Each structure stands twice: as structure tokens, then as C-alpha cells.
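Line by line, the protein sequences are chains R and D. Going by my numbering, the residue at position 169 of the first sequence is 1207; the numbering climbs one at a time, nothing skipped. Going by my numbering, the residue at position 235 of the second sequence is 268; the numbering climbs one at a time, nothing skipped. Yeah, the Cβ is synthetic: ideal placement off N, Cα and C, and Gly gets one too. Keep in mind it's a predicted model, so treat the numbers as computed, not measured. Some notes on the structure that comes next.
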Amino acid sequence: MEFFIQQLINGLAVGGIYALIALGYTMVYGVLKLINFAHGELFTLGAYLGFTLLVSWGLAGTVGVGPAILICMGLVMLLSALAGHVLERAAYRPLRKSGRLSAVVSALGASIFLQNAIMLIWGAKGLAYPADLLPRVMISIAGQPVPLIRVVVFVSSLLVMLGLYFLINRTRIGMAIRASAIDQGAAKLMGIDVRQVIAIVFMIGPALGGLAGVMFGICYGQITFTMGQIYGLKAFTAAIIGGIGNIPGAMLGGILLGVIEALGAAYISMSWKDAITFFALILILVIRPTGILPERVAEKL
Amino acid sequence: MSAAADKWFWPQAALVALFFCAPAFGLGPYWLEVLNQIGLYALLALSLNIILGHAGMFHMGHAAFFAVGAYTTGILYTSYGWPILCTLPLAGLAAGIFALLVAAPIIHLRGDYLLVVTIGIVEIVRIALVNNIFGLTGGANGLVGIARPVIFGFKLTRPWHFFYLIWGFTAVSLLLFHWLENSRFGRALNYIREDPVAAEGIGVNTTRYKLMAFVIGAVWAGFAGTFYASQMRTISPGSFNFWESVVLFTIVILGGSGNQKGVLLGAFLVVGLPELFRSLQSSRLLFFGAALVLMMIFRPQGLLPPKGRAYRLPPEVAR
């Protein structure tokens, strides 16, 4: 039982990070029907920017750890949003009118570009957030000791998702995003500036991805320039499991995937961990071909 | 065949003939190896072209079938001592059967869902190989000491031997695929790509045709696996990862999906160009990524998009 709870908490923490990344995929997909393959690299970029701010510039030393982390998260979100915007302008906007497959290849190209840019800037060797950045506090849940940081990561990812949910469902800009996702043409006729909506989506998604990067760094320490590849892939899988284009679906998919992965690694096999993830994906899609919470898409006849 | 195609027939034939003389021009072993690698990727991309280019299925997991072929050859040689070229049909068969098994439950998935599932299959295959599945695959180190192929007692050892083996096979495949494209089967695949609902409506069994496209593509990827295994002599799971599939996907889309000449050109560019820019060293891939984005912006339909099907009217109508 204690083992189970520990694994569950681990799974929830990773799941929260997956969910944050998955939101970026799903929001872009919802509006543009484009898989933003470079999104995983924006997650990596966030982790590296966070490292530079917190450790290299010694932000943690000057203003204290707590405020430093908050400032760092804010700045990283801002910078990631900027990077996302530039990415959209450079690699996706010129391709708006062409086929979907060419956009996929452009996205792959952008992903290769970003990954190597990160490698050239920060070096091919991985970096490590200092282990003593935050005090190692253990709290007890159901009588079991679990690291506080994991719980904090999970809870803060939930809070961010709650905020996003509010933004999407309760504000004007959220309504514009939803409208553009359902029918771009009709949204334009209603006076919505779809181009601007796309630009905004390409800032919110990367901001969340960058935030996930910082959270990952603080929680797990080790960061490498290639990590965006596998985390991006997992998060994208999570978005698909949830039903791509659907925001609550991405949250659910991310958390579910994290838990499946942690429990699978613990109870089935550690070395088959990633394979279990993809088996789960195939199983879920065989049963529900458009994910758990699919967007209602009418088949065009 | 139209008049324009006739005009270009001889220059193209000359180009092909010239290409097959490449080893005689004193190309060093290094460049021959590069050409061999291009040949292998061309073979793989041509087989992917059936699935992605003609049937229009977003398949980003071709490396999985390549791996099955290569490991079939490797296992048959290292565990049972089969001669390499005798394993060729079995490598194709194994990849084909594997494709049939994995594709059957997922063939109905819509575009992007299929894409991520096929990526998942590549990862599952790679992890299965790393974990030494069935105790035959040699784990993370893979299989070593695979023999060179022998044809009628002649052992292929030097790069130019492989040049003729790989490019010869690629040439035959080009011809076979050309016939396939222009057959009833090829037309059915194109119909499915353009409009699956209309295709179904006119009586094309879309599920069956899609599955057949998958299996044919996989069989050829399996063949390519045999050549790869015997050329490299060592195979390991790392060679069959997600990025290999991405490279193949890129070759097809960049070259011009659905056009064999485009796919060939794509293989030369995607595999060959980075070799030319070795001097850029670590920033090589940076430029490669940027080049992909730029090429897609300026040629979104690929470098050589397929021309539409053209048929000559029968003479009595043409008048």
C-alpha cells in the first residue's frame, strides 16, 4: 500500500507536467489542426532558461528561494511565449494555406532547429538544477512519507489548469479561441480576428510548456537538450488519449498517462516503462478511436 | 505516356546509366558509402511512399518494419547460420506479417491519431529489442558479426559491390512500384487519399486497400533491412528509433509525395546534403532544421509534386 501511494504521487507529479505540455499541443491543434512538433523543444527551452535565471544569474541567492522561483517562472513563461510567437511567425504562418503534411515537416524542421540551437547555446552536456535549491521536505499522506515537491508540482499544475479553464470558458478571448477552434470561417464572419487568436494560442501554449520545463527542472534536477523529444512525445500521446483539441481532455490524458506510466513501471516492468505508455495509447484508441473526450467533428460528406 | 515524357526519356536514361557508372569514376570508398546510404534510404522512402504518398495515411513508424527485416536477417544468420541472401524473402515476409498484425486494429484511425500510434509502434519495437525479446535480439548491444552476402560464390565486401546490390535492387523496385502506381490498385489508393468516403461509395474496399498498401510498404522496408544488416554487419536498437522514421517521412514529403522521382531526389537531399556540409560540424543539424522549414515555405507541395494522371485518348476519339 505504501509503495502504491508513493508511486501514485510520482505518477501524479509527472502527469501534471505532461498535462501542462499536452495543453500546448491540444490548443494549437484545436485552432490550426496542426501538430506542433517543436512544442517539446519549447519545454526544454523553458527548463534551460529557468536554469540560467535561477542558477547562472544567481536569482535564488539575491532575493531568496521562494520569490526567485516565482519570478523565474513568470519570466520563463514570458520568454517562452515570445519564442512561441516567433516560431509561429517563422515556421507556421507562411504555411497556413498549404497542405497539412508540409506543415508537419516544417514543424519537424523547427524542432530540429530549436533542439540544436539549445545544444549550441548551453552545450551538449546536460545541466543539473542544484539539489539544495529547495529544502527536501517530506510530508505524510495516508501515513506514507512523500516528497513535498512532488505534491507541490501536482497541485500547482492543477491550479494553472484551473486558471486556463477559466480563461477559456469565462473570458472574451477564451470564447474567441473556442469559436475559432469550432469553425474558423464562421468565427471570422462573427468579427473574430482569427489570426490574432492563433497568435495568442501560440503564446499561451508555449508559456505553459516553458512553465512545465521549470517545474521539471526544480522537481527532477537533471535536464538535457534532447529531453523535449521524449517528453513532447509523451505529452502529445496524452493529448491524443484525452482527445486532441479538447482542453479538459489534455489535462485528463496527461494525468492519466503519468499514473499509468508510474504504476506500470512499478508493477509490471521498469525497462518496459515507455512501451507500456504506448500500449496504453493503442489500447485506448482501439476502444475509442478519437480519444476519451473527443471533440465532436462532423464527418464531411 | 505523354509527349513531354517521351522527350525526357533519353536524357533520363542517360542520367541513370551515368549514375550506375559512378564507381568507375574513381569515387572514393567514403562517397560510395554515402551513395549506398542514400540508396537504402531511397528504397525505404519509396516503400513509405506507397503508404504515405499514394494511400495518404500519416505513417511515421516505418523504422519499425525496417527493424523487423534487419533483425530477421540478423537472427536467421547468427542463430541458425542461414546465408544472407536466403533471408531476404523471409525478412520481407516477417515485416509484412508484422505490419498486417499491428495495422489491422488501427487502420481505421483518422490522420493524426494514426500518426501518433505509428510513432508508438516504433518505440514499442525499439524497447522490445532493447529488452532482448525472445532472448534472440541481443539486447541494447544488438547483433554483431552478420556476414556479407554471397552471390553465386562471390562475396560482396567492398563499397562498390554494395553499390550495385543496393542500387540494382532500388532500380528494380522503382520499376515494380511504377507498375503498381499505374495499376487498378494504385488508382484505388489515390482515390482513397483524395476522398475515402467517395471511394467507399464507389465500391473500393478502403480498409482492405489501406491494409494492402501497409503490407506492401512494410515488405519492402523488410528487404531494405536485410541489405542494411549485411552492409553494417552490426545492428542495434538505436538504429531504428523514432528519428529514422521522421527522416523517411521528411524525404517523402520534401521530395514530393506520390512521385517516385521526387522521393529519389528527396533521399539525395536529406541524406546527401548533410554529408556535404560536414565541415559545419555541430551546427550542421541546425542548418538542416532551418532548411526544412524554408523548403516547406517555398515548396509546400514538395520539390517534384506528382503530375496528375494523364491518358492518351484512343485515336478514333482524338480525331
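Quick check: the Cα distance between residue i and residue j, rounded to an integer number of angstroms?
i, j, result
"R:LEU1290", "R:THR1275", "12 Å"
"R:LEU1152", "D:ALA231", "41 Å"
"D:ALA254", "D:PHE167", "22 Å"
"D:GLU156", "D:GLU277", "11 Å"
"R:GLY1266", "R:PHE1075", "10 Å"
"D:VAL252", "R:ARG1174", "54 Å"
"D:ARG342", "D:GLU214", "10 Å"
"D:TYR197", "D:PRO116", "19 Å"
"D:MET34", "D:TRP43", "The predicted position of D:MET34 is uncertain, since its pLDDT is 46 and thus under 50; no value can be drawn from it."
"D:ARG311", "R:MET1241", "36 Å"
"R:LYS1135", "R:LEU1070", "11 Å"
"D:GLY288", "D:GLY299", "4 Å"
"D:GLU66", "D:PHE247", "29 Å"
"D:GLY322", "D:MET328", "10 Å"
"D:LYS188", "D:GLY305", "27 Å"
"R:LEU1301", "D:GLY236", "47 Å"
"R:GLN1045", "R:LEU1197", "22 Å"
Identify the contact partners of residue i in chain R, using a Cβ-Cβ distance below 8 Å as the criterion.
i, result
"D:LEU142", "LEU1323 and PRO1327"
"D:ALA323", "GLY1147 and PHE1151"
"D:GLU349", "Result: empty, since nearest Cβ-Cβ is about 38 Å, beyond 8 Å."
"D:GLY250", "In chain order: nothing, as chain R lies at least about 16 Å away."
"D:LEU302", "Going along chain R, no residue has its Cβ under 8 Å from D:LEU302, so there is no contact; the nearest lies around 12 Å."
"D:LEU287", "VAL1143"
"D:SER278", "Those do not exist, as D:SER278 stays about 11 Å from chain R at its closest Cβ, beyond 8 Å."
Could you work out which residues of chain D lie near residue i, taking near to mean beta carbons separated by less than 7 Å?
i, result
"R:TRP1310", "ILE160 and ASN164"
"R:GLY1243", "Within chain D, no residue comes near R:GLY1243; the closest Cβ sits about 16 Å away, beyond 7 Å."
"R:ILE1278", "TYR146 and VAL149"
"R:PHE1081", "Here the premise fails: no neighbours, minimum Cβ distance about 17 Å."
"R:ALA1219", "Correct list: empty, because the minimum Cβ distance to chain D is about 15 Å."
Which residues bound the alpha helix (DSSP H) around residue i?
i, result
"R:SER1149", "1138 to 1160"
"D:PHE260", "239 to 265"
"R:MET1308", "From DSSP, R:MET1308 is part of no alpha helix (DSSP H); its letter is neither H nor E."
"D:PRO62", "62 to 81"
"D:PRO192", "192 to 214"
"R:MET1111", "1103 to 1125"
"D:CYS54", "From DSSP, D:CYS54 is part of no alpha helix (DSSP H); its letter is neither H nor E."
"D:LEU133", "120 to 136"
"D:ASP228", "Neither: D:ASP228 is in no alpha helix (DSSP H) and is coded neither H nor E."
"R:LEU1046", "1040 to 1070"
"R:LEU1388", "There is no way to answer for residue 1388 of chain R, as the model of chain R reaches only from 1039 to 1339."
"D:ALA300", "293 to 300"
"R:SER1218", "1210 to 1220"
Measuring only between beta-carbons, confirm whether residue i sits less than 8 Å from chain B.
i, result
"R:VAL1239", "Of the protein chains in the structure, R and D, none is chain B."
Chain R partners of residue i, CB-CB under 7 Å?
i, result
"D:THR283", "VAL1143 and LEU1146"
"D:PRO138", "VAL1324"
Considering just the uninterrupted stretch of the beta strand (DSSP E) at residue i, what are its terminal residues?
i, result
"R:GLN1182", "1182 to 1185"
"D:MET90", "Run containing D:MET90: none; DSSP gives neither H nor E here."
Residue i by DSSP, collapsed to three states: which one?
i, result
"R:MET1176", "strand"
"D:LEU313", "helix"
"R:LYS1272", "helix"
"D:LEU169", "coil"
"R:ALA1166", "strand"
"D:PHE177", "At residue 177 of chain D the sequence reads Val, which differs from the Phe that was named. Of the three classes helix, strand and coil, the one that applies to D:VAL177 here is coil, per DSSP."
"D:GLN334", "coil"
"R:LYS1226", "helix"
"D:PHE187", "strand"
"R:ILE1330", "coil"
"D:ILE235", "coil"
"R:ILE1282", "coil"
"D:ILE268", "strand"
"D:ILE139", "coil"
"D:ILE84", "helix"
"R:ILE1073", "coil"
What does residue i reach in chain D if we use C-beta pairs closer than 9 Å?
i, result
"R:SER1136", "MET329, ILE330, PRO333 and GLN334"
"R:ILE1282", "ASP145, TYR146 and VAL149"
"R:ASN1154", "SER315, SER316, ARG317, LEU318, LEU319, PHE320, PHE321 and GLY322"
Quick one: measure Cβ to Cβ for residue i and residue j, integer angstroms, because I've assumed they're closer than 8 Å.
i, j, result
"R:LEU1165", "R:PHE1041", "That belief does not hold up - the Cβ atoms of R:LEU1165 and R:PHE1041 are roughly 31 Å apart, past 8 Å."
"R:TYR1056", "R:GLY1296", "5 Å"
"D:PRO270", "D:LEU176", "Their Cβ separation, rounded to whole angstroms, is 10 Å, which puts D:PRO270 and D:LEU176 out of contact at 8 Å."
"R:ILE1320", "D:VAL150", "6 Å"
"D:GLY258", "D:ALA124", "5 Å"
"D:VAL326", "R:GLY1147", "4 Å"
Would you mind telling me which residues of chain R sit closer than 9 Å to residue i, beta carbon to beta carbon, in chain order?
i, result
"D:ILE130", "Neighbours of D:ILE130 on chain R: none; closest Cβ ~18 Å, over 9 Å."
"D:VAL237", "Per Cβ cutoff of 9 Å: no residues; D:VAL237 is ~16 Å from chain R at best."
"D:SER312", "Result: empty, since nearest Cβ-Cβ is about 16 Å, beyond 9 Å."
Residues of chain D with CB under 8 Å from residue i, in chain order?
i, result
"R:LEU1133", "MET329, ILE330 and PRO333"
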